[in-house]
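Asks: Chains as they are written, first to last, in the working numbering: chain E, 2 to 204; chain D, 2 to 204.
Number of protein chains: 2
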Amino acid sequence: MIKGNQGTEERIFEAAKNVFVKKGLNNSRMQEIAQEAGMNKALLHYYYRSKEKLFQAVFNSVMKRVIPPIAEMLEKEIPLFEKIEFIVDRYINSLISNPQIPVFFIQEIQRNPQQIVEIIKKYGIKPEVFFQQIENEIKAGNIIDIQPQQLIVNLLSLCVFPFAARPVVQGMIFENDKKKYDQFLFERKKEVSKFIINSIRKK
Amino acid sequence: MIKGNQGTEERIFEAAKNVFVKKGLNNSRMQEIAQEAGMNKALLHYYYRSKEKLFQAVFNSVMKRVIPPIAEMLEKEIPLFEKIEFIVDRYINSLISNPQIPVFFIQEIQRNPQQIVEIIKKYGIKPEVFFQQIENEIKAGNIIDIQPQQLIVNLLSLCVFPFAARPVVQGMIFENDKKKYDQFLFERKKEVSKFIINSIRKK
DNA sequence: GTCTATATTGTGATAGAC
DNA sequence: GTCTATCACAATATAGAC
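1. To the nearest whole angstrom, what separates the beta carbons of Val193/D and Val89/D, a pair I think is in contact under 8 angstroms?
2. Return the residues of the segment 114-132 of chain D that lie within a Cβ-Cβ distance of less than 7 angstroms from chain E, sorted by chain order.
3. Please give the ranges of any alpha helix (DSSP H) in the segment 75-118 of chain D, keeping only runs that are unbroken, at least 4 residues long and fully inside the region.
4. Residues of chain D with CB under 9 angstroms from Gln151/E, in chain order?
5. For Asn61/D, is the classification buried or exposed, using 16 other Cβ atoms within 10 angstroms of its Cβ as the cut-off for buried?
6. Would you list the residues sitting across from Arg202/D in a DSSP beta bridge?
7. Give me the residue from Gln116/D, Tyr124/D, Val169/D, Gln108/D with the minimum Cα distance to Leu26/D.
8. Can you grab the Cα-Cα spacing for the pair Ile102/D / Glu86/D, in whole Å?
9. When you compare each of Phe56/D, Pro69/D, Asn99/D to Leu186/D by their alpha carbons, which one comes out closest?
10. Along the segment 89-105 of chain E, what residues have a CB closer than 7 angstroms to any CB found in chain D?
11. Are there three or more Cβ pairs, one per stretch, closer than 8 angstroms when the segment 136-156 of chain D is compared with the segment 167-174 of chain D?
12. Which parts of the segment 11-88 of chain D are runs of the alpha helix (DSSP H), unbroken and 4 residues or longer, counting only runs that do not cross its ends?
13. Helix, strand or coil for Lys127/D, going by three-state DSSP, please let me know.
14. When the cut-off is 8 angstroms and only beta carbons count, does Gln111/D lie next to chain E?
15. State the Cα-Cα distance for the pair Gln36/E and Tyr124/D, rounded to the nearest angstrom.
16. Closest by CA to Glu11/E, which one among Ile97/E, Lys181/E, Tyr49/E, Gly172/E?
17. For Leu157/D and Phe106/E, which I take to be in contact (beta-carbon distance under 8 angstroms), what is that distance rounded to the nearest angstrom?
18. Should Gln115/D be labelled buried (16 or more other beta-carbon atoms within 10 Å of its own) or exposed?
19. How would you write the range of the alpha helix (DSSP H) that Asn155/E sits in, first residue to last?
20. If you count every other CB in all the chains shown that lies within 10 Å of the CB of Ser29/D, and 16 or more means buried, which is it?
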């Protein structure tokens with residue numbers, strides 16, 4: 002349960018975030034959120050009017066915290082290999098701290114695909130800078146020929162998938178051992194950037 | 002709508018599969034399935050008793066069709082690089098034919114994480130054969146030193162993620178252009194195995 | 001087996017006392 | 001602002017005619 006020292010509205014918000022992020026919109030009950038916040042469910046409506054509005058508040062807040070760092074990293078002006086190491090390390094680290102975000106995001110986008118367009122517009126994600134950097138490195142002969150789009154999707158896949166599919170992977174290849182899987186994720190920070198750089202570096 | 006030449010039970014089942022796979026359990030309505038099957042919703046209960054049971058029938062059927070081919074490919078006795086090309090090509094191809102499966106699977110596992118254990122037991126997925134093969138290649142000095150678990154998760158990530166996160170990726174780096182993204186996925190069959198083999202091959 | 005009509009239940013939302 | 005009690009509605013499930 003959420004601790005009681007904050008204001009009521011904040012307590013509701015924190016409780017809603019916990020529940021929504023874990024279960025998604027449709028598997029979450031207002032009753033459950035109220036209980037998590039240590040109050041009656043009528044109060045949720047008093048402060049947020051409807052379940053949908055409460056959810057939107059949570060979703061927007063999570064996006065606001067999650068998207069800008071990524072957008073920023075993509076535009077950072079440092080050498081490519083350094084940048085890959087930097088992004089992978091930071092990104093996996095932040096996913097270790099917030100492991101449910103990928104599923105939360107995938108589910109919500111599935112439910113309401115429209116909003117992805119708004120999110121991109123709102124936070125001004127521009128992968129073009131990163132694309133350009135990759136193309137420059139190819140022309141300079143420093144890395145092998147690869148479509149920038151393929152490379153960036155590879156990077157995202159390698160970072161995010163192990164969190165989105167955790168129960169499956171943990172069950173399939175780690176005998177459902179939570180600690181082993183945590184260790185695996187921790188090591189992955191180095192492994193993934195090694196894997197990528199190994200693949201695109203000319204030897 | 003489902004065509005009417007099959008038996009009623011099969012019509013229901015096909016309709017339910019269409020709806021459930023697209024929307025997941027909680028966003029699907031019995032009414033909608035009935036409509037899709039061209040009949041009254043009372044019939045769904047007559048044949049399948051409850052929504053939950055109908056869903057389980059669909060889920061089990063999908064798993065039965067999706068899991069064994071993967072399990073089999075992992076144990077196939079062919080050289081490692083060939084095997085990687087084979088798995089990636091076949092796997093991405095099957096995802097192109099059934100693009101909603103990853104999200105369907107992730108959502109359901111999230112809702113009911115218990116069952117993953119049963120599925121693994123039921124279909125006898127054994128990655129050990131593949132692990133052993135990788136370790137042998139490392140000892141023989143044919144590929145670089147890498148944890149087999151990391152490699153296999155890399156392979157799965159690179160294949161599955163672009164389907165699970167399609168709306169996001171399509172929006173972020175393909176200006177929401179469906180055709181471009183389909184083309185991208187098609188090319189990926191070759192790109193992914195090249196990417197992996199490039200990374201682990203000793204040069 | 002298939003339908004219409006109805007019962008039952010779960011849950012989001014509101015009214016009104018305090 | 002916070003609570004209890006209640007409403008309203010949607011969706012699953014069943015009864016019963018044919």
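Every residue gets a Cβ at the ideal spot worked out from N, C-alpha and C, and that includes glycine.
Replies: In short, the structure shows the following:
1. 5 angstroms
2. Pro114, Ile117, Val118, Ile121, Ile126, Pro128
3. 81-98, 102-112
4. Phe185, Glu188, Arg189, Glu192, Val193, Phe196
5. The residue is exposed, with fewer than 16 neighbouring Cβ atoms inside 10 Å.
6. Ile144/D
7. Of Gln116/D, Tyr124/D, Val169/D, Gln108/D, the residue nearest in Cα terms is Gln108/D.
8. 22 angstroms
9. Asn99/D
10. Val104
11. no
12. Every alpha helix (DSSP H) of 4 residues or more that sits fully in the segment 11-88 of chain D is shown, in chain order, as 31-38, 42-49, 52-76.
13. coil
14. Taking CB atoms only, Gln111/D has a neighbour in chain E less than 8 angstroms away.
15. 40 angstroms
16. Tyr49/E
17. About 19 angstroms; that fails the 8 angstroms criterion.
18. Counting C-beta atoms within 10 angstroms of its own C-beta, Gln115/D has fewer than 16 neighbours from the protein chains shown and is therefore classed as exposed.
19. 149-165
20. Result: buried.
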